[in-house]
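Visitor: Below you'll find the structure I mean.
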Amino acid sequence: MTEQERKPPVKIRITKLQEAQLAEVAAIDAEVGEIYAEIGVGPELFTPRNDIDLGRMTRDHDILVAEGDDHVAGFLIWADQAPGVAFINSLHVDPDHQRLGVGTRLLRELGERATAHGIGLCTVAIWEGAAWAMSFLAVRGFQPYEAGSQMPSKLLAWLEANEDSPHLGPRRQLWWAETDGLGTIPGLPRPDSVR
33 MTEQERKPPV KIRITKLQEA QLAEVAAIDA EVGEIYAEIG VGPELFTPRN
83 DIDLGRMTRD HDILVAEGDD HVAGFLIWAD QAPGVAFINS LHVDPDHQRL
133 GVGTRLLREL GERATAHGIG LCTVAIWEGA AWAMSFLAVR GFQPYEAGSQ
183 MPSKLLAWLE ANEDSPHLGP RRQLWWAETD GLGTIPGLPR PDSVR
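Under this note's numbering, the residues of the sequence shown are numbered 33 to 227, in order.
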């Protein structure tokens with residue numbers, strides 16, 4: 033499908049992961065794994081999850097699924113981690129649905145849910161070389177963690193508690209944002225003003 037043939041979905045619906053969506057979510061994870069391989073992130077660092085792996089993750093993660101016109105277009109896996117930080121494990125969008133608002137809508141939903149539960153910060157670890165992901169996040173209010181710079185105390189406490197996490201291992205860069213208004217693009221209306 034060429035860039036000109038792609039059209040944004042008429043409707044993007046966000047749900048929690050449902051059993052009927054597992055195969056499509058796993059297929060997107062596999063496609064993203066191929067993209068990661070192109071930047072040198074091999075299977076020893078990222079192994080796509082199958083439907084069983086994804087089902088198990090729901091024990092300690094929330095999995096939000098974006099459906100664009102009744103087809104799974106992307107998903108976001110996150111967990112509430114002490115001391116009240118929303119950690120994004122994965123934010124993956126089907127390549128045919130990228131740059132059509134799906135990832136932004138998933139971030140907005142996470143921001144609304146996290147803020148409603150009193151979670152004020154969100155973190156995500158990005159693979160080095162994933163310039164598209166860094167650009168996407170920067171436009172939506174995220175900033176890279178820089179050791180020694182002024183950071184919220186809650187973020188520093190979270191980092192200390194998670195310093196041995198494989199998600200913060202080699203070839204990863206930590207990005208963070210406040211959850212209120214998460215996914216908002218400067219100059220565009222806030223998500224709560226367009227509902």
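Idealized CB from N, CA, C, for every residue including glycine.
Cutting at 8 Å between CB atoms, please list the residues of its own chain near D212, excluding the five before and the five after it.
Guide: Here residue 212 is taken as the residue at index 180 of the sequence shown, counted from 1. Within the same chain, D212 has close Cβ partners G143, T147 and G152.
Visitor: Is R203 helix, strand or coil by DSSP?
Guide: Stepping through the sequence shown from its first residue, residue 203 is reached at position 171. DSSP places R203 in coil when its eight states are reduced to three.
Visitor: If V73 sits next to W207, beta carbons under 8 Å apart, how far is it from one beta carbon to the other, in whole angstroms?
Guide: Along the sequence shown, one-based indexing puts residue 73 at 41. Along the sequence shown, one-based indexing puts residue 207 at 175. Their Cβ separation, rounded to whole angstroms, is 16 Å, which puts V73 and W207 out of contact at 8 Å.
Visitor: In or out: R38 buried (at least 16 other Cβ within 10 Å) or exposed?
Guide: Residue numbering aside, residue 38 sits at position 6 when the sequence shown is read from its first letter. Exposed, because fewer than 16 other Cβ atoms sit within 10 Å of the Cβ of R38.
Visitor: Please determine, among E51, E99 and A165, the residue with the shortest C-alpha to C-alpha distance to I67.
Guide: Stepping through the sequence shown from its first residue, residue 67 is reached at position 35. Of E51, E99 and A165, the residue nearest in Cα terms is A165.
Visitor: Locate the alpha helix (DSSP H) running through V57, then write down its first and last residues.
Guide: As a first step, residue 57 is located in the sequence shown; it is residue number 25 there, counting from the start. Counting along the chain, the alpha helix (DSSP H) containing V57 begins and ends at L54 to E70.
Visitor: Does the region 93 to 110 come within contact of the region 50 to 66, defined as at least 3 CB pairs closer than 8 Å?
Guide: yes
Visitor: Can you grab the Cα-Cα spacing for the pair S181 / S122, in whole Å?
Guide: For the purposes of this step, residue 181 is identified with residue 149 of the sequence shown, where counting begins at 1. For the purposes of this step, residue 122 is identified with residue 90 of the sequence shown, where counting begins at 1. Roughly 26 Å separates the two Cα atoms.
Visitor: Is the beta carbon of H199 less than 7 Å from the beta carbon of A157?
Guide: As a working mapping, residue 199 is identified with position 167 in the sequence shown. As a working mapping, residue 157 is identified with position 125 in the sequence shown. Result yes, Cβ atoms of H199 and A157 sit closer than 7 Å.
Visitor: Taking the straight line between their C-alpha atoms, what separation do you get for R204 and R137?
Guide: Counted from its first residue, the sequence shown places residue 204 at position 172. Counted from its first residue, the sequence shown places residue 137 at position 105. Whole-angstrom Cα-Cα distance: 24 Å.
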